[in-house]
Amino acid sequence: MHFKELSFPTNYIWGAAISAAQAEGAVHIDGKLNSIWDDFSKRKWNLNRKIAHHGISHKPLNSAEFYHNFKADIQILKQLNFKAFRFSTAWSRILPNGIGPINQKGIDFYNQLIDELLENNIVPWLTIYHWDLPVALQKKGGWVNRDILNWFEEFTQVLLHHFGDRVLNWMVLNEPLAFTAAGHFLGVHAPGKIGITNFLKATHHALLVQANTGRQIKNINANFKVGTTFSATYITPYSQKPKDIEATKRADALYNRLFLEPYLGMGLPISELPFLNKIEKYTKSEDNYAFDADFIGIQNYTREVAKHNTWMPYIKAGIVPAEKRNVPITAMKWEILPESIYHILKKINQYPNLPPIYLTEVGAAFKDTVSENGDVNDQERIQFFEKYFQQVLRAHQENYTTEGVFVWSLLDNFEWAEGYHPRFGLVHVDFKTQQRIIKQSGKWFKDFLKS
Ligand code: GAL
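Heads up, the sequence shown is in this note's numbering, so the first residue is 23 and it goes up one at a time.
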């Protein structure tokens, strides 16, 4: 099937995405103070690995310098025919200390960004929190301190006050499982904390924030469209042995159900993950994880294969790396399996009263090279998108519909613990010169989205 035959509904939303810590750069410019990622990436050795070096400094410090280039980048976005843009707000650019005095230059930046988008007929979709907590709040315990509920409310209030006249679409958190599990249990993401207590407290607070903030936003204006985003991984068992099948259920509860089901009002998946019972001791009578959202954002990149593993604490399940399974992989070493999204949508659609779904991140990292004539011919990425969208349409035919897609990412950027090596952009960025080259995949979108 050629891409021209990919017939999506005419009102389907097509956007591209970035996040502040990954794309803005300008870390110490105009009053911004450090986020936990600025600090974490400065450490020479993180717990499990060094943020990989590939010729340039692997800190979000420089990155794609979207802060200085946003006008030109929005012109590229427009040229590629996208009509929506998902970005996040750097908390420590707006409130350098996390709470208290506002940094006017931070407000000015996002005001200009939002105005520029609207002037170019591109709808802003704002993510409040994409993992970059101000260091000042981390010093007070960050996500493991229940005060995060008040800090987050204050930050949200500032955003609503300054941007709520023009931004209608709000996403509260980006993939809470990543910053709780990778950041507070495994220690491989900022803030580099480990252990079950940190994980459970951070999880409890993130569950509360994603629901409370939804209510807060709707109370200001019921017309706002509010949701939050979830990572979603298609998980299959390594073998048909009952032990592997049970391990797969536990892995699925952790990867896919922990944050989504409480949000939908179904409570925690305690029967598969009994250790979640311990959350009860942090819970107060007023705590409510449920929120009647206008939409949910689903972000699926790959499939994982799970296997029973006695040594793995708490979930007794391990993941069999794609590299060992002899399957095609991306530069992230993630299996390329576009039908994952079909299975995810089918599975999620079993929930009753599901709000509309947006695919808030879709993309793949490959080892893109710039040819002598200055072209980046990323055919693998084009194929990835074609096949992925076929699977989204397959889901639509079975009534597992979605309302829109946000491509990850508009620009090559800082890929967290992987540094600058994996390139996800539709636009190649030379991190030394900041030169942009629209990749063939970007041109593919331009053609595909042309009306
Ligand atoms: C997501 C994350 C993005 C991006 C992407 C690719 O989990 O939200 O910030 O890094 O993965 O790895």
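C-beta atoms are modelled at their ideal positions from N, C-alpha and C, and glycine is treated no differently.
Kindly indicate the opening and closing residues of the alpha helix (DSSP H) around residue i.
i: residue 401; result: 401-419
i: residue 94; result: 88-101
i: residue 180; result: 170-185
i: residue 160; result: 157-160
i: residue 114; result: 113-116
i: residue 149; result: Taken as a continuous stretch (DSSP letters only), residue 149 belongs to no alpha helix (DSSP H), being part of the beta strand (DSSP E) at 145-151.
i: residue 131; result: 126-141
i: residue 232; result: 218-242
i: residue 264; result: 264-274
i: residue 45; result: 42-45
i: residue 256; result: Taken as a continuous stretch (DSSP letters only), residue 256 belongs to no alpha helix (DSSP H), being part of the beta strand (DSSP E) at 256-259.
i: residue 362; result: 361-370
Who are the Cβ neighbours of residue i in its own chain at under 7 Å, not counting the five residues just before and after it?
i: residue 411; result: 28
i: residue 287; result: 312
i: residue 233; result: 285, 310, 311, 312, 313
i: residue 176; result: 121
i: residue 438; result: 211
i: residue 399; result: 393, 462
Would the beta-carbon of residue i fall within 8 Å of that of residue j?
i: residue 211; j: residue 221; result: no
i: residue 320; j: residue 370; result: yes
i: residue 110; j: residue 42; result: yes
i: residue 228; j: residue 166; result: no
i: residue 386; j: residue 424; result: no
i: residue 435; j: residue 94; result: no
i: residue 181; j: residue 118; result: no
i: residue 147; j: residue 104; result: no
i: residue 99; j: residue 199; result: no
i: residue 128; j: residue 86; result: no
i: residue 88; j: residue 58; result: no
i: residue 367; j: residue 417; result: yes
i: residue 96; j: residue 33; result: no
i: residue 301; j: residue 231; result: no
i: residue 189; j: residue 150; result: no
i: residue 430; j: residue 446; result: yes
i: residue 239; j: residue 192; result: yes
i: residue 92; j: residue 135; result: yes
i: residue 453; j: residue 84; result: yes
i: residue 373; j: residue 426; result: no
Taking residue i as part of the beta strand (DSSP E), name the residues at either end of that continuous run.
i: residue 458; result: 458-460
i: residue 382; result: 379-384
i: residue 191; result: 191-195
i: residue 450; result: 449-451
i: residue 330; result: 325-330
i: residue 429; result: 426-430
i: residue 37; result: 35-39
i: residue 249; result: 247-253
i: residue 107; result: 106-110
i: residue 496; result: The chain is shown from 23 up to 473; residue 496 falls before or after that span and cannot be answered.
Say the cut is 7 Å; is the CB of residue i nearer than that to a heavy atom of the ligand FMN?
i: residue 232; result: Annotation note on the ligand FMN: not contained in the displayed structure, which lists the ligand GAL as its ligands.
Excluding sequence positions up to five away, which residues of its chain have a Cβ less than 8 Å from the Cβ of residue i?
i: residue 257; result: 270, 273, 274, 277, 278, 325, 326, 327, 328
i: residue 77; result: At residue 77 the pLDDT is 38, less than 50, meaning the model places this residue with poor confidence; the figure from the coordinates comes in the next sentence. Taken in chain order, the list of residues that qualify is empty.
i: residue 472; result: 103
i: residue 68; result: Unreliable positioning characterises residue 68 in this predicted model, as indicated by a pLDDT of 44, which lies under 50. The coordinate reading is nonetheless provided below. 62, 209, 210, 214, 439.
i: residue 457; result: 451
i: residue 295; result: 272, 275, 276, 280, 336, 337
i: residue 116; result: 124, 125, 128, 129, 132, 177, 180, 181
i: residue 218; result: 207, 297, 300, 335, 336
For residue i, which residues of its own chain have a beta-carbon under 6 Å away from its beta-carbon, when the five flanking residues on both sides are left out?
i: residue 382; result: 251, 319, 321, 428
i: residue 350; result: 358
i: residue 354; result: 387, 444
i: residue 204; result: 210, 211
i: residue 330; result: 265, 266, 269
i: residue 262; result: none
i: residue 216; result: 209
i: residue 51; result: none
Closest by CA to residue i, which one among the options?
i: residue 152; options: 114, 467, 444, 378; result: 114
i: residue 248; options: 449, 236, 254, 355; result: 236
i: residue 187; options: 245, 294, 260, 157; result: 245
i: residue 466; options: 433, 458, 448, 394; result: 448
i: residue 164; options: 206, 129, 192, 132; result: 206
i: residue 405; options: 462, 440, 282, 47; result: 462
i: residue 470; options: 101, 64, 96; result: 101
i: residue 253; options: 323, 214, 239, 217; result: 323
i: residue 420; options: 197, 365, 139, 339; result: 365
i: residue 157; options: 231, 214, 377, 239; result: 214
i: residue 53; options: 446, 126, 33; result: 126
i: residue 345; options: 356, 335, 336; result: 356
i: residue 297; options: 184, 239, 338; result: 338
i: residue 384; options: 134, 168, 255, 160; result: 255
i: residue 361; options: 259, 389, 414, 168; result: 414
i: residue 260; options: 333, 341, 196, 305; result: 341
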